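These protein sequence lines are chains A and B, in that order.
In terms of our numbering, the first sequence is numbered consecutively and its last residue is 166.
In terms of our numbering, the second sequence is numbered consecutively and its last residue is 1639.
First the structure, in the form of structure tokens, and then the observations on it.
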Amino acid sequence: MKPRPPTLRTKKRYILARIDPPGVEIGPRDLYYSILESLTSLFGDVLAAEAGFILISCESGYAEIRCTRGLEHQLRTALSTVTGVQGKKVALRSLATSGTLLALRKRRSRPLPPQSEESGEWEILGSVYSARRYQGQKVDLVEKGIKGQELLFLTQDDREEF
Amino acid sequence: MVTDCCVHPYPDGDTSLRRMALEAGALGFDSIVAQVRQGSIYQGIRIIPAAIIAETDARKVSGRLKRAGGEGVLVMVNAGENGFNRAVLNISGLHILRQVHRTQKNSFDHIAARTATSRNVAIDIDLYPLIHDTGTSRQKVLQRYQDIMTLRSRYRFPLTLSSNACSWLDLRSVDDMYHLCGLIGMDEGEVREALETADDLLMPSRPAREVL
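The following block contains the structure:
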């Protein structure tokens, strides 16, 4: 099939988004449906269809998204209303918008946050939490237990207070 | 100072105040407002103490305001029905009227808007329901905010923006706030002004305006 001439092709924009919290494991399909649901809920089916958004990749804590040029603002707004994927609490932070995927990947060139490291156990109000420390000050606590594992987000400086 | 005008750290939420400040800084904020006793600065991010008063009687608000208010403390009152709002807007020492979207449609009318302008009391735009609600509940909130913006275009009362985040995952970046506020018809200038209002409320650089 003969490809469409460039002047007749739809112009695209690419958005880079960071997935918070770091290290959360979500599948690309689940993320795609969460974004689509947010976009449809906020702007309706017509705009969601016009936006023609696709999730190019979802790896290493970043998502690359493609959409129709002119609708990137709406898509970024929709990204900011994503609060969870498959029951896991996440936030998508739009970092950059670009006209080409190559330029977008150059913007991503900053080093990825280092992997979290185990930093012992914290005891808070009688509950025991396993601590994961990353990016210097930040400490994420996951309650030890079989069910209802509570999460706490602290800093290293909070240790004395807690 | 770009400020998120209300966050709820641990024990109300799952994120400590310091972590909240750290993440807010990474998202482009210079300061955050939280219900704490004393203001402080952590990693360059200013933490502004706030007193949130949730009462339905204006006289009780007045009493609590005298005790809660202090130098550098941002005093906020949860909005109620129309008479209550008009009464509390006249109490000196009040800085922000919040949760207007939770009240009935006529609770914040042109009289209240005029009073807010003349007393230099800000109306808080809570972005939490725009982010977390869906369907009719979000539509109602959007309608209320659009109504507030209509009144603001006439009376020019100050606005503040808050994420009301209980977790750092509920915080939104300054850019995201620009996008979300676009949904209720706020332009870039208005959003910038609203993000910088908290500082003006604590240290008013201009006298209160008389609105005719």
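Note that CB positions come from ideal geometry on N, CA and C, so glycine has one too.
Since this is a predicted model, take the numbers as computed values, not measurements.
Just measuring C-alpha positions, the residue of Arg1446/B, Tyr1437/B, Asn1512/B and Arg1599/B sitting nearest Tyr1555/B is Arg1599/B. Neighbours of Arg136/A in chain B, taken as residues whose beta carbon is under 9 Å from its own, are absent, since the nearest beta carbon is some 13 Å off. For Arg1445/B, the C-beta contacts it makes with chain A under 7 Å involve Thr159, Asp161 and Asp162, in order along the chain. Residue pairing by DSSP places Trp126/A opposite Tyr133/A in a beta bridge.
When the Cα atoms are used, Asp1457/B and Met5/A turn out to be separated by approximately 55 Å.
Following the DSSP letters along the chain, one finds Glu63/A inside the beta strand (DSSP E) bounded by residues Ile58 to Glu63. Distance between Gly1507/B and Val1618/B, taken at the CA atoms: about 25 Å. Met1503/B carries a strand assignment under DSSP once its states are collapsed to helix, strand and coil. In this structure, DSSP gives Glu1615/B a helical state, which the three-state scheme calls helix. DSSP places Ile30/A in no beta strand (DSSP E); its state is neither H nor E. Comparing C-alpha distances from Tyr66/A to each of Ala100/A, Ile23/A and Ala52/A shows the shortest one belongs to Ile23/A. Using beta-carbon distances, Leu1588/B does not count as an interface residue toward chain A, since no partner is under 8 Å. Closest option to Ala107/A, judged by alpha-carbon separation, among Glu127/A, Ile69/A and Tyr18/A: Tyr18/A. Using a Cβ distance threshold of 8 Å, Ala1448/B and Tyr1469/B count as a contacting pair. Per DSSP, Ser1564/B is one residue of the alpha helix (DSSP H) stretching across Gly1562 to Tyr1582. The Cβ atoms of Asp1602/B and Ser42/A do not sit closer than 8 Å to each other. The alpha-carbon of Arg1571/B is positioned some 28 Å away from that of Ala53/A. If the five residues before and after Ser38/A are omitted, its C-beta is found closer than 6 Å to the C-beta atoms of Val86 and Val89, all from its own chain and listed in chain order.
Excluding sequence positions up to five before and after Leu1578/B, its CB lies within less than 7 Å of the CB of His1537 and Ala1540, all in the same chain and listed in chain order. For Gln141/A, the chain B residues whose Cβ falls inside 9 Å of its Cβ are Arg1445, Arg1446, Leu1449 and Gln1470, in order along the chain. Under the three-state reduction of DSSP, Ile1518/B is assigned to coil, being neither helix nor strand. Considering only beta carbons, the part of the region 57-91 of chain A lying closer than 7 Å to chain B consists of His77, Arg80, Thr81, Ser84, Thr85 and Thr87, in chain order. Asp1553/B is bridged by DSSP to Ser1589/B. Under DSSP, Cys71/A forms a beta bridge with Arg17/A.
The beta carbon of Leu1607/B sits closer than 8 Å to some beta carbon of chain A. In this structure, the CA atom of Ala100/A is about 19 Å from the CA atom of Cys1608/B. Distances from the alpha-carbon of Ile1558/B to those of Cys62/A, Ser45/A, Leu158/A and Glu125/A put Ser45/A closest. Taking the C-beta atoms as reference points, Thr1587/B is found no nearer than 8 Å to Ala1543/B. Any Cβ of chain A closer than 8 Å to the Cβ of Thr1561/B would place that residue at the interface, and such an atom is present. One thing to note: Val143/A has its Cβ within 8 Å of the Cβ of Gln160/A.
Interface criterion not met: the Cβ of Arg112/A is under 8 Å from no Cβ in chain B. Shown here, Thr1442/B sits in a strand according to DSSP, grouped into three states.
When DSSP states are grouped into helix, strand and coil, Asp1536/B belongs to the coil group. Residue-level contact by beta carbon fails for Asp34/A and chain B, as no gap is shorter than 8 Å.
Counting the other CB atoms within 10 Å of its CB gives Met1503/B a total of 16 or more, which places it among the buried residues. It is roughly 16 Å from the alpha-carbon of Arg111/A to the alpha-carbon of Glu63/A.
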